[in-house]
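Note sheet for the following structure.
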Amino acid sequence: METVEDWMKRYYTPGELTTALVLPELWDTGYALDSVEKLADGEAAETTEFLSGLAKRYGCWFTGGSVMAKSGGNYYNRALIVNPHGELVTFYDKVHLVPFITVEDGVFDHGEKPCLFDMDGIKCGSIICYDIRFPEWIRIYALRGAEALFICSQWTRARMDLYRTMIRAHAIENMFYTVAVNNCDYSGDIDFGGGSFVSSPTGDVLTECSGTLDGKFSEIDVTNINQNRQFLKVFEKRLPHLYHDIIK
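Dropping the structure here:
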């Protein structure tokens, strides 16, 4: 089986541009939720150390790629943000937990905070899989200035059309880039669809992977995002005083 470092040696060449590498949801264990007590990493320390070493060696960011983390006696589906110096910048505990198929809401505790961070001057955010079904959560990221949203996931092959449509819609309605990295192949008897892709703020797919083991790079430019947001005034013309009593 190809390791993360094998993949990096095959695909990645360090350069002058800021580079973020994104792994899928629960990339190191899969959805082995029946073994969470055995597999969970205390505060995700071991995995952070591993990714930190790769980040320093290759001069890149790791943004997302969640793991099972144990913290304070609870378990979380946690995405890690590591910079090229090998520092853990922040992390994201998945807020919306799946109540079907994997039934992760019976295993993990949910997080309570959005994850926003600065990547060499670019305001970024991180979410995980099922979170994409909650547009009100994603809008929080946009209102806080996110220019790129990283999404790690294990989305089933049978629902890939929904996955792509929702993520492209979020890119359009929030006028930011979406970078979605999905697991492929089987985890147990669940077939995951691959198909990772990058969407522009206008919903154009800039690059995409196949439904099997694959890796791609895409260059994004956030220069005009705020200018376009100001032109269309999609945030300025919101009427939140009308929404407050409607959305519960």
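Numbering (the UniProt record's numbering), first residue to last: 1 to 248. Glycine is no exception: its CB is placed at the ideal position from the N, C-alpha and C atoms.
Glu25 versus Leu39 - alpha carbon distance: Translated into the one-based positions of the sequence shown, residue 25 becomes position 25. Translated into the one-based positions of the sequence shown, residue 39 becomes position 39. Their backbone Cα atoms lie some 15 Å apart in a straight line.
Bridge-paired residues (DSSP) for Asn74: In the sequence shown, counting from the first residue as 1, residue 74 sits at position 74. Note: Asn74 sits in a beta bridge opposite Ser71.
- request: Using only alpha-carbon positions, find the residue among Val89, Gly106, Tyr12, Asn74 that is nearest to Thr48.
  value: As a working mapping, residue 48 is identified with position 48 in the sequence shown. Considering only alpha carbons, the answer is Val89.
query: Which two residues bound the contiguous beta strand (DSSP E) that contains Thr102?
result: What you label residue 102 is simply residue 102 of the sequence shown in a count that begins at 1. Element bounds for Thr102: n/a, residue is neither H nor E.
- request: Would you kindly check if the distance between the Cβ of Val95 and the Cβ of Gly111 is under 7 Å?
  value: Counting from 1 along the sequence shown, the entry for residue 111 is found at position 111. Counting from 1 along the sequence shown, the entry for residue 95 is found at position 95. Closer than 7 Å, so yes.
message: Assess contact between the segment 217 to 234 and the segment 181 to 191, defined as three or more Cβ pairs (one per stretch) separated by less than 8 Å. Is contact present?
response: The segment 217 to 234, when compared against the segment 181 to 191, does not touch it at the 8 Å Cβ threshold.
- request: Go ahead and label Ile127 buried or exposed: buried means 16 or more other beta carbons lie within 10 angstroms of its beta carbon, across all protein chains shown.
  value: Mapped onto the sequence shown, residue 127 falls at position 127. So Ile127 counts as buried.
message: Using the three-state DSSP reduction, which class does Phe231 fall into: helix, strand or coil?
response: In the sequence shown, residue 231 corresponds to position 231, counting from 1. Note: Phe231 maps to helix in three-state DSSP.
field: Closest by C-alpha distance to Thr29, when choosing among Thr207, Pro84, Leu80, Ser66
entry: Numbered from its first residue, the sequence shown carries residue 29 at position 29. With distances taken between Cα atoms, Thr29 lies closest to Ser66.
message: Using only the alpha-carbon positions, how far apart do Glu100 and Tyr130 sit?
response: For the purposes of this step, residue 100 is taken as residue 100 along the sequence shown, with counting starting at 1. For the purposes of this step, residue 130 is taken as residue 130 along the sequence shown, with counting starting at 1. Note that residue 100 is Phe in the sequence shown here, rather than Glu. Going by the C-alpha atoms only, they are around 11 Å apart.
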